[in-house]
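Read the structure below first, then the notes.
Numbering (this note's numbering), first residue to last: 1 to 506.
Encoded structure:
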């Protein structure tokens with residue numbers, strides 16, 4: 001009896017050719033696809049979704065894929081475009097894309113280390129070491145590192161480790177992982193619990209605090225500088241930390257490398273580390289995209305004299321002294337969604353919190369590499385390491401230096417366009433010092449009426465896509481450069497000429 005789930009060879013070949021055509025259209029189409037589909041296409045796509053309940057009669061693989069390609073795909077925006085400047089959305093580098101096809105083909109669950117059966121956990125282990133090299137972190141970080149689903153997942157890992165360490169450091173019996181948060185806090189004398197100290201944090205920090213039972217309203221926001229709200233107020237921080245015994249609380253301090261609206265970096269991590277060490281606080285650094293500034297250190301002749309790269313590298317100075325670090329693979333690293341990165345100097349704490357106690361069937365046959373399911377939120381895990389590994393080996397440190405420098409220079413070129421004689425009467429760059437710009441451009445229209453609708457007007461062109469935000473009490477627009485296909489040229493698919501055209505005509 002034939003397998004009813006198998007696809008006939010002829011149909012499978014046709015489908016593969018159609019998928020190949022879609023890949024070609026997305027990657028080499030000229031002119032490029034519109035980023036945002038016209039409203040008429042959006043409105044026509046939704047009725048083509050089958051109504052509930054689930055149909056009894058099968059459509060079949062071939063027709064189901066035709067339905068996706070013909071009815072649904074036209075209604076999905078092209079986030080892989082080089083001019084998708086919303087959020088911080090990386091493209092997918094060709095080696096990573098090809099590796100991701102292999103990941104789907106293998107359909108591995110990277111959960112348990114089984115060295116007698118497969119090398120997939122060894123590949124992930126090696127990849128984490130290569131990432132430490134790329135970011136100029138000591139390789140000792142690799143033992144406490146893992147690949148997560150994204151920066152939100154990594155922030156959960158970091159705050160959970162901080163909570164465990166703060167309450168059990170004096171007495172291992174006060175382990176949140178073993179006896180729960182409330183009892184651990186009472187037994188350790190921390191009756192007011194663990195608090196999180198922040199300065200203009202990403203919203204995922206509050207979300208992580210909520211998930212972990214630390215409470216999103218338990219974030220302590222330090223006073224902000226009007227000019228540099230991404231920086232820590234060290235005087236206020238020390239005053240807070242020095243009173244923790246009286247307050248019967250302990251603190252996780254969250255620093256940020258790459259503030260979401262501006263891309264700017266908090267200053268003086270070494271001083272922050274010193275204060276955390278002095279008062280026994282856990283230092284977590286959220287560097288979802290900022291950690292990639294460490295990549296610019298490698299020499300690149302083509303861009304060497306176009307910016308002060310030592311200065312850019314210095315923005316992350318001291319990050320290697322953090323207790324835990326969050327970063328992302330699907331942002332500037334240009335990996336497929338989803339892929340987050342987590343690094344910690346406390347592998348024992350990480351395992352204490354996230355291990356699977358008493359699960360004999362998850363036992364590993366080797367002890368040199370920790371089973372990924374015991375240092376991560378999920379047990380079942382996609383083979384996210386393979387695209388990262390392939391991209392790192394394909395590009396090397398030099399290739400990533402070129403990539404990150406290109407993002408920075410593309411963003412600075414856009415800022416120069418906005419401040420040019422042609423457009424400076426129309427737009428205001430809100431942080432105009434280009435030498436301090438990473439890969440985010442924050443600006444607004446000088447005309448208040450235009451400013452109210454600026455983001456929508458830009459996005460309606462279908463040529464570029466931006467995020468709307470607010471700054472200083474007014475609406476603003478944010479361009480975040482993160483796709484490998486951007487260039488420094490005026491013309492071409494990834495050139496800045498398209499941006500110039502759209503901004504001039506809004």
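By construction, the Cβ of each residue, glycine as well, lies at the ideal position given by its N, Cα and C atoms.
| Query | Result |
| --- | --- |
| Length-filtered (3 minimum) beta strand (DSSP E) runs lying within the region 102-155 | 146-148 |
| DSSP-derived helix/strand/coil call for residue 452 | helix |
| Alpha carbon of residue 142 to alpha carbon of residue 70, nearest angstrom | 45 angstroms |
| Length-filtered (3 minimum) beta strand (DSSP E) runs lying within the region 276-357 | 282-286, 324-328 and 340-344 |
| Those residues which DSSP pairs with residue 428 across a bridge | 444 |
| Minimum length 4: unbroken alpha helix (DSSP H) runs contained in the region 220-246 | 234-242 |
| Cβ contact check for the region 369-388 and the region 329-345: 3 or more pairs under 8 angstroms | yes |
| Residues near residue 498 in its chain [Cβ-Cβ closer than 7 angstroms; skip 5 each side] | 83, 463 and 464 |
| Pair within 9 angstroms by beta-carbon distance, residue 281 and residue 250 | yes |
| Extent of the continuous alpha helix (DSSP H) to which residue 251 belongs | Note, residue 251: premise wrong, no alpha helix (DSSP H); beta strand (DSSP E) at 250-256. |
| Simplified DSSP state of residue 184, which is helix, strand or coil | helix |
| Whole-number beta carbon distance between residue 252 and residue 218, since they are thought to touch under 8 angstroms | Contact flag wrong, Cβ pair sits at about 10 angstroms. |
| Reduced DSSP secondary structure (H/G/I, E/B, other) of residue 471 | strand |
| Bounding residues of the beta strand (DSSP E) (the contiguous stretch that carries residue 198) | 194-198 |
| Range of the contiguous alpha helix (DSSP H) that encloses residue 392 | 385-418 |
| Secondary structure of residue 478, DSSP reduced to three states | strand |
| Selection from 225, 61 and 20 that minimises the alpha carbon distance to residue 8 | 61 |
| Per-residue DSSP class, three states only, for residue 484 | coil |
| For residue 465, the residue or residues it bridges with in DSSP | 84 |
| Own chain residues within Cβ distance below 8 angstroms of residue 318, not counting five before or after | 268, 269, 270, 272 and 273 |
| Completely contained beta strand (DSSP E) runs for the region 13-71, where each covers 3 or more residues | none |
| C-beta atoms of residue 460 and residue 36 nearer than 9 angstroms | yes |
| Length of the line joining the Cα atoms of residue 437 and residue 194 | 35 angstroms |
| Proximity below 9 angstroms, CB of residue 406 to CB of residue 502 | no |
| At least 3 beta-carbon pairs within less than 8 angstroms: the region 444-453 vs the region 468-478 | yes |
| Residues near residue 175 in its chain [Cβ-Cβ closer than 7 angstroms; skip 5 each side] | 164, 168, 184 and 352 |
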